[in-house]
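Trainee: These protein sequence lines map, in sequence, to chains A and B. For the first sequence, our numbering begins at 330 and goes up steadily by one. For the second sequence, our numbering begins at 330 and goes up steadily by one. Note that beta-carbon positions come from the ideal geometry of N, C-alpha and C, so glycine has one too. Structure incoming, see below.
Number of protein chains: 2
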Amino acid sequence: MENLTERYDRILNAIVSSYICSAEPVGSRTLSRNAAFKLSPATIRNVMADLEDLNLLCQPHTSAGRIPTDKGFRYYVDHLMELPELPETVQEKIRMACASHQGNMEEMLKDGIMALSQLAPYVSVVSLPHFNQATLKHIRFVRLNDRQILAVMVSGSGSVQNVLFEMDTVFVQDDLNRFSNFLNQMVDGLTLEGVKRKIFSQMKADKDAYDSVMSQVLRLSQKMLDQRAGDDSEIMIDGKLNILEHPEFADLDKMKQLFRAFEEKNIMVKLLDEAQKGEQLQVFIGVENQCEEMNLCSVVMADYGQEGQPMGKIGVIGPTRMEYSRIIPLVRYTAEVINQLMDNS
Amino acid sequence: MENLTERYDRILNAIVSSYICSAEPVGSRTLSRNAAFKLSPATIRNVMADLEDLNLLCQPHTSAGRIPTDKGFRYYVDHLMELPELPETVQEKIRMACASHQGNMEEMLKDGIMALSQLAPYVSVVSLPHFNQATLKHIRFVRLNDRQILAVMVSGSGSVQNVLFEMDTVFVQDDLNRFSNFLNQMVDGLTLEGVKRKIFSQMKADKDAYDSVMSQVLRLSQKMLDQRAGDDSEIMIDGKLNILEHPEFADLDKMKQLFRAFEEKNIMVKLLDEAQKGEQLQVFIGVENQCEEMNLCSVVMADYGQEGQPMGKIGVIGPTRMEYSRIIPLVRYTAEVINQLMDNS
DNA sequence: TGTTGGCGCTCTATGCTGATGAGTGCTAAT
DNA sequence: ATTAGCACTCATCAGCATAGAGCGCCAACA
Numbered sequence: 330m331e332n333l334t335e336r337y338d339r340i341l342n343a344i345v346s347s348y349i350c351s352a353e354p355v356g357s358r359t360l361s362r363n364a365a366f367k368l369s370p371a372t373i374r375n376v377m378a379d380l381e382d383l384n385l386l387c388q389p390h391t392s393a394g395r396i397p398t399d400k401g402f403r404y405y406v407d408h409l410m411e412l413p414e415l416p417e418t419v420q421e422k423i424r425m426a427c428a429s430h431q432g433n434m435e436e437m438l439k440d441g442i443m444a445l446s447q448l449a450p451y452v453s454v455v456s457l458p459h460f461n462q463a464t465l466k467h468i469r470f471v472r473l474n475d476r477q478i479l480a481v482m483v484s485g486s487g488s489v490q491n492v493l494f495e496m497d498t499v500f501v502q503d504d505l506n507r508f509s510n511f512l513n514q515m516v517d518g519l520t521l522e523g524v525k526r527k528i529f530s531q532m533k534a535d536k537d538a539y540d541s542v543m544s545q546v547l548r549l550s551q552k553m554l555d556q557r558a559g560d561d562s563e564i565m566i567d568g569k570l571n572i573l574e575h576p577e578f579a580d581l582d583k584m585k586q587l588f589r590a591f592e593e594k595n596i597m598v599k600l601l602d603e604a605q606k607g608e609q610l611q612v613f614i615g616v617e618n619q620c621e622e623m624n625l626c627s628v629v630m631a632d633y634g635q636e637g638q639p640m641g642k643i644g645v646i647g648p649t650r651m652e653y654s655r656i657i658p659l660v661r662y663t664a665e666v667i668n669q670l671m672d673n674s
Numbered sequence: 330m331e332n333l334t335e336r337y338d339r340i341l342n343a344i345v346s347s348y349i350c351s352a353e354p355v356g357s358r359t360l361s362r363n364a365a366f367k368l369s370p371a372t373i374r375n376v377m378a379d380l381e382d383l384n385l386l387c388q389p390h391t392s393a394g395r396i397p398t399d400k401g402f403r404y405y406v407d408h409l410m411e412l413p414e415l416p417e418t419v420q421e422k423i424r425m426a427c428a429s430h431q432g433n434m435e436e437m438l439k440d441g442i443m444a445l446s447q448l449a450p451y452v453s454v455v456s457l458p459h460f461n462q463a464t465l466k467h468i469r470f471v472r473l474n475d476r477q478i479l480a481v482m483v484s485g486s487g488s489v490q491n492v493l494f495e496m497d498t499v500f501v502q503d504d505l506n507r508f509s510n511f512l513n514q515m516v517d518g519l520t521l522e523g524v525k526r527k528i529f530s531q532m533k534a535d536k537d538a539y540d541s542v543m544s545q546v547l548r549l550s551q552k553m554l555d556q557r558a559g560d561d562s563e564i565m566i567d568g569k570l571n572i573l574e575h576p577e578f579a580d581l582d583k584m585k586q587l588f589r590a591f592e593e594k595n596i597m598v599k600l601l602d603e604a605q606k607g608e609q610l611q612v613f614i615g616v617e618n619q620c621e622e623m624n625l626c627s628v629v630m631a632d633y634g635q636e637g638q639p640m641g642k643i644g645v646i647g648p649t650r651m652e653y654s655r656i657i658p659l660v661r662y663t664a665e666v667i668n669q670l671m672d673n674s
C-alpha cells in the first residue's frame with residue numbers, strides 16, 4: 330500500500346483510534362468536533378469517501394459512520410500508529426511475573442501469558458519449546474515394575490518430559506542407572522531429533538552385539554522414542570474470558586466459534602505456526618490469518634528463544650479492533666524478558 | 330420430602346421429563362394430550378396448583394406453563410426417575426476410552442471425562458488423585474546442574490510428579506542414585522504425608538550424624554518436600570463448549586459467570602470437595618451447590634478409588650434441567666471402569 | 001481549486017399499538 | 001372427584017410512526 334497525503338493519514342488515524350476505543354462507527358461530525366483539525370464535516374466526508382474507495386474504510390450500512398476495514402487497520406499499523414514506551418510499572422509487572430519461576434520454563438511462560446492477559450483485555454497464547462528441537466541435558470530411566478519403565482528427559486532450557494513405556498526384558502534399577510549414565514554422555518547437547526538419528530545409525534553399526542550395554546541402551550532408547558507421540562506441540566492459553574468483554578463477540582455464534590478454536594489444539598498450533606519467516610514480531614489482521622476461525626481477530630506474535638534459533642512463540646489474540654500501539658510493545662517486551670531469563674539460567 | 334399420591338407423582342414426573350427434553354414450560358393441555366393419563370386439562374391444573382404450593386413447581390410468569398423448581402428436580406431424582414441400564418455400545422465406548430492409556434493415571438482420567446462429555450451434552454470434570462495421599466512407589470533424583478536437582482516421584486497408581494529444587498551442596502549423579510535407592514526402601518508403600526512424618530522424626534533422631542548417607546538423604550528429601558506447594562489439587566475439565574448448547578445459558582451474563590467458574594481452579598476444587606460424606610454417588614441440584622456460581626447447575630459426582638479409600642472424584646456439570654436418568658448411570662459406570670483399571674495395573 | 005453550508009435521502013433504533021395465543025384460576029355442573 | 005366453560009393475564013410479534021445519526025450531492029464561496 331503506497332502512502333497517502335498527510336491529511337488522509339491524519340483523518341484515517343483519527344478514525345481508527347476512535348474506533349479502537351469505542352467500537353462504534355465514526356461519523357464526520359464527531360471527527361470534526363474533535364478540534365485537532367479544523368475542517369468541516371463536509372470536507373471530512375469527502376476524505377472519508379475517498380478512503381472508502383481505497384478499501385480502507387467501510388460502512389456497516391448506508392447512513393452509518395465509517396469503520397476501518399482489515400486493510401485500514403493494516404495501513405494504520407504499518408504507517409500511522411506510534412509505539413509509546415511501556416510505563417515502568419508495566420515492565421516491572423512483566424519482569425516480576427516471568428521471574429517468579431525462574432529455571433522452570435513452563436511455569437515461566439505460563440506466568441508470562443498470565444501477565445499479558447491481565448495487562449490487556451485479550452487472550453494470550455504461548456507455544457512451549459518443541460521438545461524435539463530442544464537440546465537434551467539429561468535422560469534418566471526409572472524402573473516402575475517388571476515391564477514398565479519411566480524415562481525422564483530434561484532439556485537445556487529446563488523443560489521436563491516424562492515418557493512411560495514398556496520393555497519385554499526385565500531390568501533392575503542399577504542397570505538402568507548405568508544405561509542412563511551411558512546415554513547421557515552420548516546425547517549431551519544433541520537435540521531429540523539428533524538423538525534419534527544417532528541411535529538409528531548406531532543400531533545399524535551395532536546390531537550383532539545384542540547383549541552389550543550399548544545394544545541394550547539402544548533398544549531402550551528406541552522403545553522410548555517410539556512411545557513418544559511424534560508431535561508434542563504444546564500450547565498454553567490464558568485470558569479466554571477477556572474476549573467476552575468485547576462487543577464484537579457479544580453474538581453467541583461468533584463467540585462459540587472462537588471458543589471452539591481455542592479448545593482445538595491443532596487450530597491454535599496452526600495459528601502460531603503461521604509466522605515462520607523469521608520476523609521477530611508479526612501482526613496478522615483479520616482475514617490475514619490463515620485459519621478461518623480467526624478471521625474476526627488480530628494476532629500479535631513474537632518469537633522467543635536464542636538469537637537466530639527461535640524456540641517458540643508468544644502472542645496475543647484480540648478483535649481486529651485491538652489496541653495495537655499498546656499490545657505490540659507489550660508482546661515484544663515480554664518476549665525479551667523471557668529471552669533474558671533463559672540466557673541467565 | 331414425604332411421598333405424594335401416585336397421581337401427583339405421575340404428573341410431576343411427566344412435567345419434569347417434558348421440561349428436561351424441551352426446556353419449555355409445560356402447560357396443562359400439552360400434558361393432557363399426552364394420553365398416558367386420561368385427565369382433562371382442568372384436573373391437571375388443579376394438581377399443578379397443588380404442586381406449586383408444595384414448591385415443586387413454579388411459573389416463569391402468570392399464564393405460562395410450569396417448570397420444576399430445584400426442589401421439584403430433587404423429588405424427581407429421589408422418588409420418580411428410573412435408571413435404565415446403559416446400552417452396551419455406551420459401556421463399550423467408556424471402557425475403550427479409559428483403557429487406551431492404561432497405566433497412566435492422568436491420561437486415563439482425561440480420556441474418561443472426554444468420553445463423558447461426548448456421550449452427554451454437558452461438562453465433565455475429574456480431580457486427580459491427591460499426590461499427598463497416594464502411596465509412593467518410587468522417588469528418584471536427577472542432577473541438573475551444580476545446584477538444581479529434579480525429583481521424580483511415581484505413585485502406586487502410576488501418577489508421576491516432578492519437583493525441581495535447589496541444594497547448596499553439590500552432588501554427583503552417582504550419589505543421587507544411591508540416595509534414591511536408599512530412600513526408596515524407606516518410603517515404599519507410604520503416602521507422601523507418611524514420608525513427611527517419617528523424615529521429620531528421623532531427622533530428629535539423626536541430627537548429629539550430619540555426614541551419613543541417611544542424613545544427606547533426609548536433607549535432600551526435606552528440601553524437596555518444602556519446594557512442593559502444599560496443595561496440589563489438580564482438576565481437569567472437558568466439554569466446556571457443550572454448555573453453550575443449552576438455552577439456559579444463552580444469556581451472555583450467565584454464560585460468563587459459568588465460564589469464569591470453570592477457569593477458577595479453586596472454585597472447581599471447592600465444588601468437587603463438597604461431596605465428602607463417603608457417598609458413592611451424589612447429586613447436587615441448583616441451589617444445593619455450596620458455590621453460588623453453580624446455582625443454575627446440577628452436578629452428578631462419583632468417587633473413584635479403592636474401596637473405602639477414595640482417590641478422587643469424577644463428575645458431570647449441566648443445567649438443573651439435566652438428563653439425570655442417563656447421566657447418573659453414566660457417571661457411576663465410568664467411575665467403576667476407572668476403579669477396575671486401577672486395580673489391574 | 002479546495003472548502004463549506006444546506007438540503008434531501010437512507011437507514012437504524014425506539015417506542016407504541018393491537019392482535020394472537022398459550023395458559024391459568026375460578027365456578028358451576030356432572 | 002372431575003370436567004367444561006369462561007374470563008383474565010401475560011408474552012410475543014408484526015406493523016407503524018418518529019427521531020436521530022449520518023451520508024451524498026450540489027451550489028456558493030474564498
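Would DSSP call B/Met-630 helix, strand or coil?
Mentor: strand
Trainee: In whole angstroms, what separates the C-alpha of B/Ser-484 from that of B/His-459?
Mentor: Cα-Cα distance, rounded: 10 Å.
Trainee: Which chain B residues sit within Cβ distance under 7 Å of A/Asn-433?
Mentor: Within chain B, the residues near A/Asn-433 are Leu-493.
Trainee: When the Cα atoms are used, what is the spatial distance from B/Ala-393 to B/Lys-583?
Mentor: 22 Å
Trainee: So, under 8 Å CB-CB, A/Thr-520 and A/Gln-462 are touching, yes? Tell me the CB distance rounded to an integer number of Å.
Mentor: 5 Å
Trainee: When the Cα atoms are used, what is the spatial distance from A/Tyr-633 to B/Ser-347?
Mentor: 55 Å
Trainee: Is the distance from the Cβ of A/Ser-275 to the Cβ of A/Met-640 below 8 Å?
Mentor: Beyond the ends of chain A as shown, which are 330 and 674, falls residue 275 of chain A; an answer cannot be given.
Trainee: If the criterion is Cβ atoms closer than 8 Å, does the pair A/Val-678 and B/Val-471 meet it?
Mentor: The first residue shown for chain A is 330 and the last is 674, placing residue 678 of chain A beyond what the model contains.
Trainee: If you scan the stretch 422-475 of chain B from start to end, which runs of the beta strand (DSSP E) of 3 or more residues do you find wholly inside it?
Mentor: 452-456, 465-472
Trainee: At a CB distance below 9 Å, what residues from the stretch 580-613 of chain A approach chain B? Give them in sequence order.
Mentor: Leu-581, Met-584, Lys-585, Phe-588, Arg-589, Glu-592
Trainee: Closer than 9 Å between beta carbons: that is the criterion. Which residues of the stretch 482-514 of chain A meet it against chain B?
Mentor: Val-483, Gly-487, Val-489, Asn-491, Leu-493, Glu-495, Gln-502, Asp-503, Asn-506, Ser-509, Asn-510, Asn-513
Trainee: When you compare only the Cα positions, how much space is there between A/Ser-654 and A/Val-666?
Mentor: 19 Å
Trainee: Please list the partners that B/Val-471 has in chain A, where partner means a Cβ-to-Cβ separation under 8 Å.
Mentor: His-467, Arg-469, Val-481, Val-483
Trainee: Run through DSSP, which three-state label would A/Asn-624 get?
Mentor: coil
Trainee: Tell me, please, whether the CB atom of A/Leu-670 is closer than 8 Å to any CB atom in chain B?
Mentor: no
Trainee: Can B/Ile-646 and B/Val-660 be called in contact, C-beta distance under 8 Å?
Mentor: no
Trainee: Taking the alpha helix (DSSP H) that A/Gln-586 belongs to, which residues open and close that run?
Mentor: 581-592
Trainee: Tell me the rounded alpha-carbon separation between A/Asn-618 and B/Phe-588.
Mentor: 26 Å
Trainee: From A/Gly-523 to B/Cys-427, what distance separates their C-alpha atoms?
Mentor: 34 Å
Trainee: In chain order, what residues of the same chain lie with their CB nearer than 7 Å to the CB of B/Ser-361, ignoring the 5 residues before and after it?
Mentor: Leu-368, Ser-369, Pro-370, Ile-373
Trainee: List, in order along the chain, the chain A residues whose C-beta lies closer than 8 Å to that of B/Leu-570?
Mentor: Lys-585, Phe-588, Arg-589, Glu-592
Trainee: Output the distance between the C-alpha atoms of B/Phe-450 and A/Asp-555, rounded to the nearest integer angstrom.
Mentor: The question names Phe, but residue 450 of chain B in the sequence shown is Pro. Answer to the nearest angstrom: the Cα atoms are 35 Å apart.
Trainee: Using a Cβ-Cβ distance cut-off of 8 Å, determine whether B/Leu-573 contacts chain A.
Mentor: yes
Trainee: Distance, Cα to Cα, A/Thr-418 vs A/Ile-340?
Mentor: 32 Å
Trainee: Tell me which same chain residues have a C-beta within less than 6 Å of the C-beta of A/Met-553, skipping the five on either side of it?
Mentor: Ala-480, Val-492, Phe-494
Trainee: Which two residues bound the contiguous alpha helix (DSSP H) that contains A/Ser-347?
Mentor: 335-351
Trainee: Could you check where the alpha helix (DSSP H) with A/Asp-567 kicks off and where it finishes?
Mentor: Segment 564-567 is the beta strand (DSSP E) holding A/Asp-567; no alpha helix (DSSP H) there.
Trainee: For A/Thr-663 and A/Gly-441, what's the separation of their Cα atoms in angstroms?
Mentor: 7 Å
Trainee: Could you tell me the alpha carbon to alpha carbon distance between A/Pro-648 and B/Arg-526, rounded to whole angstroms?
Mentor: 53 Å
Trainee: When the Cα of B/Ser-541 is compared with those of B/Phe-508, B/Gln-669, B/Glu-563, which residue comes out closest?
Mentor: B/Phe-508
Trainee: Would B/Leu-409 be called buried (16 or more neighbouring beta carbons within 10 Å of its own) or exposed?
Mentor: Its Cβ being crowded by 16 or more others within 10 Å, B/Leu-409 is buried.
Trainee: Can you check which of these residues, B/Asp-497, B/Met-623, B/Val-376, is closest to B/Arg-358 by C-alpha distance?
Mentor: B/Val-376
Trainee: Classify B/Gln-490 as helix, strand or coil using the three-state DSSP reduction.
Mentor: strand
Trainee: Report the CB separation of B/Ile-656 from B/Phe-402 in whole angstroms; it is logged as a contact under 8 Å.
Mentor: Not a contact, Cβ separation roughly 12 Å.
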